[in-house]
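In my numbering, the protein residues as written are 9 to 294.
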């Protein structure tokens, strides 16, 4: 399939096309920022693109629903695929879009050799043990194809952000990782492609996640005992959701809070019906 151009935005479907495009820009002395996505674009993605524009001369967005990060009985087949709408959003915002198929990313099939270690076994990794290995695998492959100077990820997927930073460090990749704050609906609900699965009533119930996490943060800053606050917050969450996990951890290490902790992250994952929601709040201690 040939690459195409829409209002100066280059659409690339093959690895060789996107690699050549970026190489041409580098030859011209241009820097390139990259925003990997699985599509279903919303204002949260656009906020990452805005950061990318500030950090580099050219911006590439990829749209690829990565099968390696989905397990059995997860929503790979039903994951929102809104390519035409996504391209309409992107055509006035980016310089290039990479839209590979599975064969471009995994020409020899999906391997299981990637292992991100302990950071991928906690929190979301407990119930989705395949997930972060699949994320790290596809991001490293995309980095090798696109070869950006900068890549931008959202803080809503905070554990994922730290996994990618670790992967870049361990692989000695010369890529600067930037992050963008979680973008929320007016109700406080963190924006996500999966929000469209929620009914109108469920969307209202879902706002309790951020409300409860915010109160947890408020009480931590009042120097109350974290263990007690966690139990209270878990009780509150269970009134509305099926709780996957709730933790308050050191934001830099995802380990337990100590006297040396300067920044805290409260992270939670819950189920509302069949929809899994994640959220977090990052803040300085005291």
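Don't be surprised by glycine CBs; every beta carbon is placed ideally from N, CA and C.
Contact between residue 110 and residue 75 holds: CB atoms are separated by about 7 Å, below the 8 Å threshold. Here DSSP, grouped into helix, strand and coil, assigns residue 22 to coil. Rounded to whole angstroms, residue 161 and residue 218 show a C-alpha spacing of 20 Å. The DSSP-derived three-state label of residue 250 is strand.
By the neighbour-count criterion, in which a residue is buried when 16 or more other Cβ atoms sit within 10 angstroms of its Cβ, residue 164 is buried. Of the candidates 213, 195, 68 and 19, the residue whose Cα lies closest to the Cα of residue 40 is 68.
A residue is called buried once 16 or more other Cβ atoms fall within 10 Å of its Cβ, and residue 144 is buried on that count.
Residue burial is scored here from C-beta neighbours: residue 281 has fewer than 16 other C-beta atoms within 10 angstroms and is therefore classed as exposed.
Listed in chain order, the non-local C-beta contacts of residue 133 below 7 Å within the same chain comprise 139 and 140, local neighbours out to five positions each way being set aside. For residue 216, the enclosing alpha helix (DSSP H) covers residues 208 to 228. 261 is the residue among 210, 261, 63 and 227 whose C-alpha sits nearest the C-alpha of residue 168. If you compare the alpha carbons of 243, 70, 126 and 159 with that of residue 62, the shortest gap goes to 159.
Only buried fits residue 151, as 16 or more other CB atoms lie within 10 angstroms of its CB. For residue 105 and residue 20, the gap between their C-alpha atoms comes out near 6 Å.
Inclusion of residue 288 and residue 278 in the CB contact set at 7 Å is not warranted, their separation being larger than that value. In chain order, 283 place their CB closer than 6 Å to the CB of residue 205, counting only its own chain and leaving out the 5 sequence neighbours on each side.
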